[in-house]
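In the numbering used here, the protein residues as written are 211 to 705.
Working notes for the structure below.
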């Protein structure tokens with residue numbers, strides 16, 4: 211019988227084939243995670259437009275840091291004073307949802323007021339004095355540097371009996387799919403070392419070291435960006451963070467009463483459910499004095515809660531409705547959303563007067579920024595509108611113009627939309643968690659006059675130096691324009 215020799219593939223060829231197949235499968239899995247993370251369904255009750263309520267009760271608040279003509283710094287800050295008053299007045303419950311709630315910053319540069327610890331201490335004291343009051347604090351995991359450590363003020367609130375909820379951001383859509391596909395297929399499965407981190411803390415050298423996993427999670431660039439407080443008596447929706455190094459920023463806020471508080475509670479309950487928390491802790495929470503008959507002899511308004519992508523929908527709708535002779539006034543920390551920019555240019559073509567106050571994106575907690583996105587966006591708006599869109603820069607010296615609002619004034623109606631959301635893809639395209647309020651009323655009502663006077667004061671530098679001409683900080687760099695366009699499109703940015 212002849213001898214038969216079976217041919218076998220060399221081991222290195224088999225290994226090469228297995229390796230190649232594994233790489234292909236990994237790449238396909240990563241691409242699948244990237245696509246799914248970008249388009250996946252939103253959690254329940256996220257991206258909401260609430261009921262339209264009629265009310266006599268809404269107030270406009272602002273924090274201003276500015277300079278006199280001699281260069282002396284002046285401050286008019288009331289937002290956190292209002293929050294502390296709300297804590298004192300609450301009897302049944304307090305809900306806080308705050309993006310930045312920490313004291314992380316380089317202390318070599320400057321010492322800031324202790325916003326974070328003072329707010330935490332006020333909540334703890336309230337619970338000690340009124341143990342029947344339910345207190346819930348919802349915040350973003352950035353305050354723990356994504357699990358690397360727990361700050362003392364958060365430990366203290368937990369130990370005092372306050373329910374602290376760290377938002378589960380994995381339930382949200384991904385803003386940076388290029389990286390997040392890799393994150394979801396690989397790095398998210400890694401845990402944190404029980405011994406803590408070993409890498410320097412980029413937020414503050416005085417804060418604990420962090421893990422590599424935390425830095426990788428940071429690159430997902432998404433957040434619970436809301437900044438609100440709710441009690442049975444009042445709600446406040448703001449652009450201001452309880453972050454020590456943000457204490458000098460200029461911000462805006464609304465205070466509301468009545469039935470809209472119930473809508474605010476529902477949107478916060480949704481975040482708790484999304485984060486795996488028992489929702490029954492919200493069951494007994496209701497507005498103390500639901501709106502009844504409004505007094506038509508007094509100033510009255512329509513109020514509506516908007517979150518996430520519904521903010522963008524309503525801003526675009528109001529810009530589309532604006533016609534020749536109408537005025538659009540915008541105050542904004544970041545402006546880069548392509549649809550918003552397109553609608554502003556189209557409105558300008560129709561003869562709508564557009565005035566925009568922007569932060570120049572040059573200051574960030576002692577560090578100098580490159581002006582992206584606002585400076586290339588401002589150049590684009592002025593160039594494309596033929597100079598018909600008017601832009602001024604808020605004059606900052608280390609702090610930021612952190613306001614976020616759009617005000618549209620017509621002959622017989624005015625609309626104000628403002629709160630936590632910057633006008634960027636990440637903020638208003640159903641990625642970040644955001645909360646804004648829409649107020650509609652007469653342009654001659656007290657609320658609208660307050661908004662209008664606030665803007666005019668900044669625009670014309672009434673009794674102080676607030677804003678400077680566009681040319682003062684103009685940047686016509688084509689490189690920065692393409693940089694911002696790529697970053698806005700791809701999500702590879704912090705704005």
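From the three backbone atoms N, C-alpha and C, an ideal C-beta is built for every residue, glycine too.
Residue i - DSSP class collapsed to helix/strand/coil
{"i": "residue 485", "result": "coil"}
{"i": "residue 211", "result": "The predicted model places residue 211 with a pLDDT of 49, which falls under 50 and marks its position as unreliable, so this point remains unresolved."}
{"i": "residue 448", "result": "strand"}
{"i": "residue 542", "result": "strand"}
{"i": "residue 699", "result": "helix"}
{"i": "residue 694", "result": "helix"}
{"i": "residue 559", "result": "helix"}
{"i": "residue 523", "result": "helix"}
{"i": "residue 347", "result": "strand"}
{"i": "residue 412", "result": "coil"}
{"i": "residue 386", "result": "coil"}
{"i": "residue 646", "result": "strand"}
{"i": "residue 375", "result": "strand"}
{"i": "residue 461", "result": "strand"}
{"i": "residue 634", "result": "coil"}
{"i": "residue 674", "result": "coil"}
{"i": "residue 235", "result": "helix"}
{"i": "residue 396", "result": "coil"}
{"i": "residue 263", "result": "strand"}
{"i": "residue 624", "result": "strand"}
{"i": "residue 549", "result": "helix"}
{"i": "residue 473", "result": "helix"}
Test: residue i CB closer than 8 Å to a CB of chain D
{"i": "residue 399", "result": "Structure shown: chain D not included; a single protein chain is present."}
DSSP bridge partner residues for residue i (one or two, in chain order)
{"i": "residue 380", "result": "BP columns for residue 380 are empty, so no partner."}
{"i": "residue 592", "result": "According to DSSP, which records beta bridges pairwise, residue 592 is partnered with nothing at all."}
{"i": "residue 453", "result": "312"}
{"i": "residue 577", "result": "574"}
{"i": "residue 614", "result": "542"}
{"i": "residue 567", "result": "541, 602"}
{"i": "residue 497", "result": "Answer is none; residue 497 lacks a bridge partner."}
{"i": "residue 433", "result": "According to DSSP, residue 433 bridges with nothing at all."}
{"i": "residue 284", "result": "276"}
{"i": "residue 246", "result": "Its beta-bridge partners do not exist; DSSP assigns none."}
Close beta carbons around residue i, own chain, < 6 Å, minus the five adjacent residues each side
{"i": "residue 509", "result": "655, 656"}
{"i": "residue 216", "result": "Legend: pLDDT at residue 216 = 47, less than 50; position of this residue unreliable, value from coordinates given subsequently. So the list is empty, once near-sequence residues are dropped."}
{"i": "residue 211", "result": "Caution is warranted here: a pLDDT of 49 is assigned to residue 211, below 50, making its placement in the model unreliable, and no coordinate value can be reported."}
{"i": "residue 459", "result": "609, 610, 612"}
{"i": "residue 242", "result": "none"}
{"i": "residue 528", "result": "618, 625"}
{"i": "residue 632", "result": "543, 544, 614"}
{"i": "residue 275", "result": "285, 458, 460, 609"}
{"i": "residue 353", "result": "311, 312"}
Contact under 8 Å by Cβ, residue i with residue j
{"i": "residue 694", "j": "residue 592", "result": "no"}
{"i": "residue 263", "j": "residue 445", "result": "no"}
{"i": "residue 426", "j": "residue 393", "result": "yes"}
{"i": "residue 583", "j": "residue 454", "result": "no"}
{"i": "residue 677", "j": "residue 604", "result": "yes"}
{"i": "residue 409", "j": "residue 421", "result": "yes"}
{"i": "residue 580", "j": "residue 432", "result": "no"}
{"i": "residue 273", "j": "residue 283", "result": "no"}
{"i": "residue 560", "j": "residue 534", "result": "yes"}
{"i": "residue 623", "j": "residue 586", "result": "no"}
{"i": "residue 647", "j": "residue 464", "result": "yes"}
{"i": "residue 268", "j": "residue 649", "result": "yes"}
{"i": "residue 434", "j": "residue 481", "result": "yes"}
Chain-order list of residues whose beta-carbon lies under 7 Å from that of residue i (same chain, five-residue window excluded)
{"i": "residue 248", "result": "383, 384, 387"}
{"i": "residue 317", "result": "416"}
{"i": "residue 391", "result": "240, 241, 243, 244, 247"}
{"i": "residue 639", "result": "519, 522"}
{"i": "residue 702", "result": "386, 388"}
Whole-angstrom C-beta distance between residue j and residue i, which should lie under 8 Å
{"i": "residue 449", "j": "residue 315", "result": "That pair is no contact at about 19 Å."}
{"i": "residue 288", "j": "residue 310", "result": "About 19 Å; that fails the 8 Å criterion."}
{"i": "residue 599", "j": "residue 524", "result": "Not quite, the Cβ-Cβ distance comes to about 21 Å (not below 8 Å), so this is no contact."}
{"i": "residue 698", "j": "residue 548", "result": "7 Å"}
{"i": "residue 512", "j": "residue 651", "result": "7 Å"}
{"i": "residue 567", "j": "residue 668", "result": "6 Å"}
{"i": "residue 255", "j": "residue 477", "result": "7 Å"}
{"i": "residue 257", "j": "residue 517", "result": "6 Å"}
{"i": "residue 487", "j": "residue 375", "result": "5 Å"}
{"i": "residue 507", "j": "residue 551", "result": "Not confirmed; about 42 Å, so no contact."}
{"i": "residue 665", "j": "residue 539", "result": "5 Å"}
{"i": "residue 401", "j": "residue 418", "result": "About 17 Å separates the two Cβ atoms, so there is no contact after all."}
{"i": "residue 452", "j": "residue 329", "result": "5 Å"}
{"i": "residue 471", "j": "residue 307", "result": "With a Cβ gap of about 13 Å, residue 471 and residue 307 do not count as contacting."}
{"i": "residue 473", "j": "residue 629", "result": "So it is not a contact: roughly 13 Å between Cβ atoms."}
{"i": "residue 356", "j": "residue 298", "result": "Residue 356 to residue 298, Cβ: 33 Å. No contact."}
Own chain partners of residue i with C-beta closer than 8 Å, once the 5 adjacent residues on each side are dropped
{"i": "residue 372", "result": "333, 334, 337, 345, 346, 347"}
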